[in-house]
Amino acid sequence: MLPDIPRERQLGILRKMLMIRRAEEHCIRFNEEHTGLLRGHFHVYIGQEATGVSVCDWLNPDDYVFTTHRNHGHVIAKGGDPKKVLAEIIGRATGYCQGRAGTFHVAAPGVGIIHTSAIVGGCLALAGGTAYAAQVKGEKAITVVFFGDGAMEEGVFYETVNIAKLWNLPLIFWMENNYRRAGGRGAGNAALELTNIPKALDVETTVIDGIDVGTVHKTAKSIVERVRGGQGPLFVEARTHLWPGNAFNMPKLIGGVTDIAWAWDAGKAPEKVRDWHKDHDPILNYVRELESAGMSRAELAKIDAEVSKEADAAAQFALNSPLPAAEDAVKYAFAGEGN
Amino acid sequence: MPQEMTFGEALLEAIDEVAEKDPRIVMFNPSFAGEAGHAKLAALRKKYAARIKYPPIAEIGFCGVAIGAAMAGLRPIVDISTATFSYEAIAQIVNEAAIAHSNSGGLTSAPVTFYLKFGIRGGGGVQHSGSPQSWYWNTPGLQVVMPSTPADAKGLMRTVLLKSKDPTIFFGHDRLLDDKGMVPDGAYEIPLGKADVKRAGKDVTIIALSIQVPRALAAAEILAKEGIDAEVIDPRTLQPLDKPALLASVKKTGRVVITDESPDNCGVAAGLAAIIADEGFASLRAPIKRVSIPPVPVPYAVPQEDYVTPLAGRIAEVARALCR
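Protein chains in written order, with the numbering used here: chain Z, 747 to 1085; chain L, 87 to 410.
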């Protein structure tokens, strides 16, 4: 369903989801088309855009968001500049972290993403920390920590939920289940329903369809309002479906870039990705809903073309950006002077 | 008027003075003081009750919370209690706090202070006698502070709490906590990275931090009776490190013994020895010697624990051999 908000805001969500998709397609193309440009392995957020964008639509600039190795989407969703994200991914001086962080650790403090860990579960406790800091300072800021099903196998998850509940922290545990880790229910975690774990600590949980923008948006509104009102912490499991190109350590564009026309003509999509785009792609699902609500295909294609053009420019910006100076490697180990 | 107080009381005084003026100071599990500090500790806990948390037994959880809070503008001080408990939280301390500033290209910092009660305490056995200073010193992004006297403890703690922009591991040796010393009057800070010559001498340099300073001074007394004039120099902090002061002392004496309670291999003494070999080789008239602990988990039984502890007698013996 469509979120119950004005059309302009609905389209803002579409644009942001499309920007994440297009930027990450460039990320994969960096790897496929330029040998050695994208160093080491990487992960993309394709297929999960509905959750990050819909949650961040309810957040203020000073709210904190923590993410994971799958961070590109969250940074853009929270207001990050795709140019700086793509530049960071390929280690350029113009990236958010001057190329020091790379794809795994993009941090953008200016939009509330102060640190990104690629260690599974690495940011859970830190998110407890920003929530605690806001509580101590009497600020209204809340913290949302995004993580995957795999992080719930880590001990730090239990410890952080326990502390958050004991201290009543303004913290949203937003689990995006892409079923990559578990490979099926019960494979990586003894709990058949992962929500049983926070429930054991008396934390209220909600399970939703993570590819439906309307559902996510509505849930996020209520969860954000309640946590901001002092009722936190709360736990949400948003269920998504692994994009077939994500089945590899180095994601592959196995069906090429997403064609928005597949929304109304699913048969045109390559067979390898056809079912996924037809049934599980949050963006094409949303496009179909907007069409049903009266938008023309031409209008929707125009929006996609505008976003794609901006993403292309961002990729070009990244590719044209300089590498950081070699001798700057030893900068920044310490913040203090005289170290 | 300078006052006599214990190491633990000096720490409490520093924390109280800074916390009084800076509402960003919050405390997790404050203890710090050892037995002698109990009255002062009770007063501190009462005075700052609103800014103190007693988290569950969840080191990786509450250390991570403290780090995140520091990233968001608070200045938390976390009493880890026994240093080995920090191993439960090392993923957060080493893999998050230490890297945040570098990873972000200088945008994010985590000025959190972890206080660790470390070392061979007497009967601590294999799990409560740990000395992880070399691990943390080997982690870029962490400041490592190891005072030896109440006066230094206060001045260094004030500096860390007031001015530090980085995560700090502050080591207090269990056996120093009840030791008394004169502490200067009023508020004062000792900069990090500034060594202190605890005893001037000309024949041999003994480099020591924390508990090893009183042991080195005792060794120097033994040596003095034999006509050997030892210099005892205390770097006070490993990161930042006052290399010029150490090299100047070695230049003066030509001989150096380095003592620490971390193990021989890749320990603090090994790290300092490498620096002196690299940058002060021309000054040396004898090999660099280490007096640390052999690579074995610290045993419980009295004679075995004494055997591995780098006590004054062993320091004196090694220094004596160098001067012959």
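All C-beta atoms in this analysis are idealised placements derived from N, C-alpha and C, irrespective of residue type, glycine included.
Buried versus exposed call for residue i [16 or more other C-beta atoms within 10 Å across all chains shown]
{"i": "Y274 of chain L", "result": "exposed"}
{"i": "R753 of chain Z", "result": "exposed"}
{"i": "G1084 of chain Z", "result": "Here G1084 of chain Z scores only 44 on pLDDT, less than 50, and its place in the model should not be relied on; the value that follows carries that caveat. Classification for G1084 of chain Z: exposed."}
{"i": "M91 of chain L", "result": "buried"}
{"i": "N923 of chain Z", "result": "buried"}
{"i": "L1069 of chain Z", "result": "exposed"}
{"i": "D392 of chain L", "result": "exposed"}
{"i": "S348 of chain L", "result": "buried"}
{"i": "S188 of chain L", "result": "buried"}
{"i": "S968 of chain Z", "result": "exposed"}
{"i": "I297 of chain L", "result": "buried"}
{"i": "N942 of chain Z", "result": "exposed"}
{"i": "G858 of chain Z", "result": "buried"}
{"i": "G782 of chain Z", "result": "exposed"}
{"i": "T952 of chain Z", "result": "exposed"}
{"i": "V1076 of chain Z", "result": "exposed"}
{"i": "S215 of chain L", "result": "buried"}
{"i": "G399 of chain L", "result": "exposed"}
{"i": "D289 of chain L", "result": "buried"}
{"i": "L126 of chain L", "result": "According to the sequence as given, residue 126 of chain L is Lys; it is not Leu. Buried, since its Cβ has 16 or more Cβ neighbours within 10 Å."}
{"i": "D895 of chain Z", "result": "buried"}
{"i": "A407 of chain L", "result": "exposed"}
{"i": "R755 of chain Z", "result": "exposed"}
Residue i and residue j closer than 7 Å at C-beta
{"i": "F776 of chain Z", "j": "L764 of chain Z", "result": "no"}
{"i": "R161 of chain L", "j": "I111 of chain L", "result": "yes"}
{"i": "P218 of chain L", "j": "L278 of chain L", "result": "no"}
{"i": "A1061 of chain Z", "j": "L832 of chain Z", "result": "yes"}
{"i": "E770 of chain Z", "j": "H818 of chain Z", "result": "yes"}
{"i": "H815 of chain Z", "j": "A847 of chain Z", "result": "no"}
{"i": "F93 of chain L", "j": "D265 of chain L", "result": "yes"}
{"i": "A177 of chain L", "j": "L228 of chain L", "result": "no"}
{"i": "V799 of chain Z", "j": "K830 of chain Z", "result": "no"}
{"i": "S369 of chain L", "j": "G340 of chain L", "result": "yes"}
{"i": "I774 of chain Z", "j": "P997 of chain Z", "result": "yes"}
{"i": "I1029 of chain Z", "j": "R767 of chain Z", "result": "yes"}
{"i": "A1039 of chain Z", "j": "K1024 of chain Z", "result": "no"}
{"i": "A151 of chain L", "j": "A871 of chain Z", "result": "Before going further, note that residue 151 of chain L is Val rather than Ala in the sequence given. Yes. Within cutoff."}
{"i": "A302 of chain L", "j": "A294 of chain L", "result": "yes"}
{"i": "A96 of chain L", "j": "Y134 of chain L", "result": "no"}
{"i": "V231 of chain L", "j": "F256 of chain L", "result": "yes"}
{"i": "D271 of chain L", "j": "M87 of chain L", "result": "yes"}
Cross-strand partners of residue i (DSSP beta bridge)
{"i": "E90 of chain L", "result": "L:M268"}
{"i": "V377 of chain L", "result": "L:T345"}
{"i": "D282 of chain L", "result": "L:D320"}
{"i": "Y810 of chain Z", "result": "Z:T889"}
{"i": "N817 of chain Z", "result": "Answer is none; N817 of chain Z lacks a bridge partner."}
{"i": "V164 of chain L", "result": "L:F114 and L:F200"}
{"i": "R846 of chain Z", "result": "BP columns for R846 of chain Z are empty, so no partner."}
{"i": "W920 of chain Z", "result": "Z:F892 and Z:V982"}
{"i": "I255 of chain L", "result": "L:F200 and L:V230"}
{"i": "A294 of chain L", "result": "L:T345"}
{"i": "D955 of chain Z", "result": "Z:R985"}
{"i": "A854 of chain Z", "result": "Z:I859"}
{"i": "I176 of chain L", "result": "Looking at the DSSP assignment, I176 of chain L forms no beta bridge with any residue, so it has no partner."}
{"i": "I138 of chain L", "result": "L:M113"}
Rounded Cβ spacing between residue i and residue j (contact assumed at less than 8 Å)
{"i": "T889 of chain Z", "j": "T876 of chain Z", "result": "5 Å"}
{"i": "F981 of chain Z", "j": "V949 of chain Z", "result": "5 Å"}
{"i": "D252 of chain L", "j": "G1082 of chain Z", "result": "5 Å"}
{"i": "D320 of chain L", "j": "S234 of chain L", "result": "5 Å"}
{"i": "I163 of chain L", "j": "E182 of chain L", "result": "Contact doesn't hold; Cβ gap of about 18 Å is too wide."}
{"i": "T199 of chain L", "j": "H861 of chain Z", "result": "Rounded, the Cβ-Cβ distance is 18 Å, inconsistent with contact."}
{"i": "I362 of chain L", "j": "V336 of chain L", "result": "6 Å"}
{"i": "I143 of chain L", "j": "G901 of chain Z", "result": "Not really, about 12 Å apart at Cβ, beyond 8 Å."}
{"i": "E103 of chain L", "j": "R244 of chain L", "result": "7 Å"}
Name the residues in the segment 841-869 of chain Z whose C-beta lies less than 7 Å from a C-beta of chain L; which are they?
-> Under the 7 Å Cβ criterion, the segment 841-869 of chain Z contributes C843, Q844, R846, A847, H851, A853, P855, I860, H861, S863, I865 and G868.
Using Cβ-Cβ distances below 7 Å, what residues of the segment 157-184 of chain L are close to chain Z?
-> Taking 7 Å as the Cβ-Cβ cut-off against chain Z, the residues of the segment 157-184 of chain L that qualify are M157, A158, G159, L160, A177, Q178, N181 and E182.
Between the segment 251-273 of chain L and chain Z, which residues of the former have a C-beta closer than 7 Å to a C-beta of the latter?
-> For the segment 251-273 of chain L, which is checked against every Cβ of chain Z, the residues closer than 7 Å are K251 and D252.
Interface positions of the segment 316-332 of chain L facing chain Z (Cβ-Cβ less than 8 Å), listed along the chain = Taking 8 Å as the Cβ-Cβ cut-off against chain Z, the residues of the segment 316-332 of chain L that qualify are Q325 and P326.
The segment 184-202 of chain L: positions lying closer than 7 Å to chain Z by Cβ = A186, H187, S188, N189, S190, G191, G192, L193, T194 and S195: these are the residues of the segment 184-202 of chain L whose beta carbon lies less than 7 Å from some beta carbon of chain Z, given in chain order.
Could you name the residues of the segment 1060-1080 of chain Z whose beta carbon sits closer than 8 Å to any beta carbon of chain L, in the order they occur along the chain?
-> Hits within the stretch, in order: K1077, Y1078, A1079 and F1080.
Identify each residue in the segment 95-120 of chain L for which the Cβ-Cβ distance to at least one residue of chain Z is less than 8 Å, and report them in chain order.
-> Within the segment 95-120 of chain L, the residues whose Cβ lies closer than 8 Å to some Cβ of chain Z are V112, listed in chain order.
Selection of the segment 351-371 of chain L by Cβ proximity to chain Z, strictly under 7 Å = If the cut-off is 7 Å between Cβ atoms, the segment 351-371 of chain L has nothing near chain Z.
Taking a Cβ distance cut-off of 8 Å, strictly less, list which residues of the segment 208-232 of chain L are near chain Z, in chain order.
-> Result list: P226, G227 and Q229.
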